[in-house]
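Order-wise, the sequence lines are chains A and B. Once you know that position 422 of the first sequence is 487 in my numbering, the rest is easy, because the numbers rise by one and skip nothing. Once you know that position 608 of the second sequence is 610 in my numbering, the rest is easy, because the numbers rise by one and skip nothing. Yeah, the Cβ is synthetic: ideal placement off N, Cα and C, and Gly gets one too. Quantities reported herein were computed from a predicted structural model and do not represent experimental measurements. Please read the structure below before turning to the comments.
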Amino acid sequence: MIHLGLWLPLLAGLLLLILPGLGRTFAVASAVVSLVISCVLFAGYGGQGVAYASQIPFLPEAGVYYALGLDGAGLFLWVAVNLVVLLGVWIADVPVRFLAYALMMQTGLLGIFAAQDLIFFYFFFEATLIPALLMLWFYGGPERLRAIYIFALFTLVGSLPMLAAIFAVRFLGGADSFLYTDLAANPLTGQTAALAFLGFLVALAVKTPLFPLHAWLPSFHQQNHPSGLADAMGTLYKVGIFAFFKWAIPLMPEGFREWQGLLLFLAAFGAIYAAWVAFSAPDWKTLLAYAGVSHMGIGALGLFSGNTEGTVGALYLLGASMIYGSAMFLFVGLVYGRTGSLEINPVRGLAKHTPALYVLGMFLLMAMIGLPGLSGFPGELMALLGAYKVSPWLTFVAFLAVIAAAAYALTAFQKLFQESAQAQAVPDLNAREWGFAAVTVAVLLLMGLYPKLFTVYLEPLGKAIAALLGGAS
Amino acid sequence: MLTLYVLAGFATVLSLLAFVISREATRIVTVAGLVLAGLFCVVGWGQTVEAFGGLYRFDTLARGLTLVAILGGLWALLLGPAKKFEYPLLLLFAVTGMHIMASSPNLVVLLIALEVFSLPLYVLATWQRDEKGFEAGLKYFLLGALGAAIFLYGIALYFGATGSFTAGSSGSGPLYIAGLFLIMAAFAFKTAMVPFQWWSPDVYQGSPTVVTLFMATAVKAAAFAAMLRIFTPEGLEAWGVGMAVLIALSTLFGNLGALNQTEAKRLFAYSSIANAGYLGLGLLGPTGQATVPFYLLTYGLATGLIFAVLSMLSNQDVPLERLRGLWYRKPLLGGAMGLGILSVLGLPPLAGFWAKYLVFQEAARAGFYGLVVLALVTSAIGAYYYLKTFFLIFSKPTPVQEAEDREAEAALAQFGSSEAPGIPVAAAPMGLTQGLMAPAARMGAPALGLLLAAMGLLGLLSVLPGLGLRAFSAGLTPAVAALSITAPKSGSTLTAGSQALQGTGRPGESLELFDNGNLLGTVTVGPDGKWSFPLPASAQAPGAHTFEARQPGQTRGERVEVEFLRPSGPSFTGLQDGATVAATGFTLQGTAQPGQVLEVFEDGASLGRVTADANGQWSLNVPPPSGGTRVYEVRPEGAASGARISLVVPEAQAGAICSQSFALSNLQAGGTVSRPFRFGGVGSASSYTVLVRRGDRIIGRKEIPLSAACGWSYFSDPGPGEVTYEVRETGKLETEPPLATITLKVQ
């Protein structure tokens, strides 16, 4: 089941690439099956440890195993990714091949969360880059070449120190293979751990994204296809927090402690800095890009505080922001489809013509700025609670970013919908878009009102991290 | 063996026959010879054939790398010029030389092989009769000759140092090192490793593209086969430093030099230098015999694809701009080249990634972490120019390139490829778009098949790299497990108890084990290459211990440093749980806090109290117990429980002759004891009588017969208070002094 769930999107994507005639229906069908599989896996999860584990020797001579398995966080993120991909292929107004790349990328993302072997994790982590680059390459804006260079440079160069650190973790730690269990039983210590953690840090900070290695993100989003599908997939690709949680911290707890102070500082100041930049963003994609950096900063702050609340909050915020962040990009794609522009200033007063779109946008925006009752709130709250136990001052700084989010997002939103109506009449949501809106709002409410559905599975993981780091829970 | 006969035979016969048969026939016969030779490589894969008194050694390494050389030969033959019959002949001779080079452990034969494949290459490099071609040929020849001379000089020194021409002979001393370094320099010439690479960009650019392809893949395969035999991990200390320098310079220079190249063949010449460096990493590690051929195969396929596409575009220089939009103009060629580039770059899903990963791992295993980091950094630099080229291929073409395409078609027709057994455009096997047809038709079906097969094989190796690696590992003598200590891990902290030293070594070898420099004992390595040695109590004393395993006669071996904790509670040492002990009594020993008072129990009955000494050691003699499984427990004084161990006491054989004099094993000093308790010892009388007193009052007498194990034992469960036991031989008067008097305070 887990193998099918992992590889089905890739097969569907390849098939769609070869036979574009299958069309969007096929992509949607594949995404639905993926979502159903992940929901079945989630429902069948016992609540403890790594479930659905399977392990096949791949290159046993070199200690590489094709090992998959899902813990609570992995399952939660599987559901989130599959849901977002379904929403994306359902709503986005793009060529069929574009959908194929999105499906192929889905496999890479699912693999990142399911890999139980460090080399396979690295493999999925890197391979996901290819469809992302292809989407940008074939369907990007006029300045895409620059965006591609920056994106490829940051991710490729960033991940090489990680590869070096991966070697160090195994060979200096003395593990017999790259299996998670084996590596976790032989953690690195001392100076080596600090250096190896730095290797992971560089690669993962790019993908968190963590200030100052977030610089690829704005141009990546600006140049991607205005439909928002590529941006949604890019939002899913921000797996840094998961990778810190799953690999970097458990394998090098001593290394993490060495860098913890700096990381907390970077996370908090990254959050406030990105919020500041988002104020002056000229268009929606830039605004959302920086908003994403800001939110991930808060999530990272929670994770780096190393206690149960912080970790659970960070993971929950990660999953929630994957959904509302991606949906926000798709929503902006809908606006683009009606007005032909993503800039914040020229388009105004849409609410008059499109009340339903307006309400959808309102829900998404409120989730994004962390209104209680919507999906952004529980994660943000827990992350900040966790951080408060470690560093009240940095928490205060990050909290300013939360307030700032309300300010910049509401300002832009007000301009788009509520100022004197200058826009020409545009159509409101059609049936397909109603479907998207209904599912999105339902999920936002579910995650906001009943976070326990997922946090019960995240909590043991948070406790394990807290115990590993020896801190109070 | 048959491979050699086929290659040499076809080459010799064909050089006469070529005068009478047509050029086309020469080509076909050559292809047949190469394919046949390749088949004989595959038949009997994993087996080693030796001939000529060990001068020829056809093992997995030779088979694999001969296949890579044959692959290079096929590329060059099917894509190359067809107007002269010398071309296939020269290729066949070159492949023969490479096969010999890959299959001989003898340095003199290697020199001959080097000449056999170099001479045809000098001619092939000048195939284009223009200034650049002559420059390339002359440069290649002069530097090649210099390289051969250096090789010869190195062989002389090597022979002087080791007294043998066999590659991999062990030796030492400056002469040996100098010889190895000279040989290394000669191979560095052939594989274009820095600082012996100066010829390569010019020669690669000046030679016809197919010949460049041949040089980049087949020559590397042959040279690395020989290097794998000469530079073995056993001699790493002698040559490792030199190789590390070559690798560092090659990866740096190759990747940096490629950055600002504008001509494709020159660019990939620099890339080839860098890849020679990465290949060198594989030599350092213990399983390079499998990983280097795997790397060469993936590299041969990927670079083969790249150069094959370049050769189809033009037989002259290929400016990078020519590649713009190749994907849109000729999808098959663009796709093939894109795949090749991504694989050479080492992007994770592709075979090139696994190959790079494996050789990097070799270096990491050998401890060259600095080189691994450098190789990773230079790979990142390399990503820039590979991706630049890759993106060019996938950009929209401009009319300029389309015009150039037409010119190049005409030029290629002149060059002679058009004489390849062409297939009608309509009958092309793929039915693809017209952009594809032009090259497909000119290449001919075999070349097209080779292109597709290479892409397929590259894809297969990407999905299942283990398949390739396992193939290259087949038949290798399992890497001799070097001496190592696998448990406990160095730097670990242990609690004293039933700890054992474990490790690996050569099967059957006996090793000496040391604890802080003191000999602990010897252990023999088992047939599975593993050994285990239970640590005696003294070696588990609290504090730091350095355990060392040495081969006999060596002054240094493998070491682990561990720290033994002071145990929190008492524990047993020396005896494993479930061990069988002597029925005639034995000694329990263990560790505890120094000075701690402990009580030892046997199935709940006390055997008395002991005090741990200053080193935290304690011991207690157990009087002969009755047969069966007995559970012993050591508790701190007054505690309810402690460490347990169960031991098997065999039933003693009846009828033994007991000659030991009387002795009391435990409770000699008396003292305090919990009830019930047992004391006893050995003796030779048929029975003993124990008299029990409380103060002056006699409260009991008991006769104890001697057991089959020559032991006597008294079990008692009196009330609290002071009790005195007197042991006499049965029949002695109670007024006589007893053999033993034990006064106990029973709790």
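Asked, Found
"Per-residue DSSP class, three states only, for D158 of chain A", "coil"
"Three or more C-beta pairs below 8 Å linking the region 261-281 of chain A and the region 203-219 of chain A", "yes"
"Option nearest L124 of chain A by Cα separation, candidates B:A20, B:G139 and B:F355", "B:F355"
"Where the beta strand (DSSP E) containing E604 of chain B begins and where it ends", "V599 to E604"
"Local conformation of L407 of chain A per DSSP, three classes", "coil"
"Sub-8 Å separation of G153 of chain A and A167 of chain A beta-carbons", "yes"
"Touch test, the region 85-96 of chain B against the region 236-245 of chain B, Cβ-Cβ under 8 Å, three pairs minimum", "no"
"Exposed unless 16 or more other CB atoms sit within 10 angstroms - verdict on D2 of chain B", "Within the shown structure, residues of chain B are numbered from 3 to 749, placing residue 2 of chain B beyond reach of any answer."
"Helix, strand or coil at E26 of chain B according to DSSP, with G and I counted as helix", "helix"
"Closer than 8 Å at the beta carbon, the chain B residues around W202 of chain A", "F393 and F396"
"Close beta carbons around A440 of chain B, own chain, < 6 Å, minus the five adjacent residues each side", "With a pLDDT of only 44 at A440 of chain B, under 50, the local geometry of the prediction cannot be trusted, and the value read off the model is given with reservation. Once the five neighbours on either side are set aside, A440 of chain B has no close Cβ partner at all."
"Separation of V44 of chain B from L76 of chain B, as counted between CA atoms", "16 Å"
"CA-to-CA distance, S686 of chain B to T743 of chain B, given in whole angstroms", "18 Å"
"Minimum C-alpha distance to A39 of chain B - residue among B:L67, B:V527, B:E364 and B:P596", "B:L67"
"Proximity of V599 of chain B and Y634 of chain B at Cβ, strictly below 8 Å", "no"
"Span of the beta strand (DSSP E), counted from its first residue to its last, around A118 of chain A", "A116 to L124"
"A476 of chain B beta carbon less than 8 Å from that of W200 of chain B", "no"
"Reference L316 of chain A; option with closest CA among A:L395, A:Q288, A:V424 and A:T257", "A:T257"
"A52 of chain A vs N251 of chain A beta-carbon contact at 8 Å", "The displayed coordinates of chain A run from 66 to 538. Any statement about residue 52 of chain A would go beyond what the structure contains."
"S718 of chain B beta carbon less than 8 Å from that of F664 of chain B", "no"
"Check whether Q749 of chain B and S667 of chain B have beta carbons under 8 Å apart", "no"
"Whole-angstrom C-beta distance between Q130 of chain B and P210 of chain B, which should lie under 8 Å", "6 Å"
"Beta strand (DSSP E) segment containing L693 of chain B, residue limits", "S689 to R696"
"Own chain, CB closer than 7 Å to A551 of chain B, minus 5 neighbours either side, in chain order", "L485, I487, G505, L513, L515, G559 and E560"
"Candidates B:L6, B:V37 and B:A405, of which the one nearest L452 of chain B by Cα", "B:V37"
"Those residues which DSSP pairs with F143 of chain B across a bridge", "DSSP, once it has assigned bridges, lists no residue as partnering F143 of chain B."
"Sub-8 Å separation of V212 of chain B and S106 of chain B beta-carbons", "no"
"Length of the line joining the Cα atoms of L81 of chain B and A449 of chain B", "7 Å"
"Local conformation of A645 of chain B per DSSP, three classes", "strand"
"Contact set between Y187 of chain A and chain B, taken where Cβ atoms lie within less than 8 Å", "P350"
"Min CB distance P399 of chain B to chain A below 8 Å", "no"
"Exposure of A357 of chain B, with buried meaning 16 or more beta-carbon neighbours within 10 Å", "buried"
"Reference V146 of chain A, options A:F428, A:Q171, A:A339 and A:V271, closest by Cα", "A:Q171"
"Classification of P627 of chain B by the beta-carbon crowding that lies within 10 angstroms, buried from 16 upward", "buried"
"Reduced DSSP secondary structure (H/G/I, E/B, other) of H547 of chain B", "strand"
"Beta carbon proximity, V562 of chain B to chain A, threshold 8 Å", "no"
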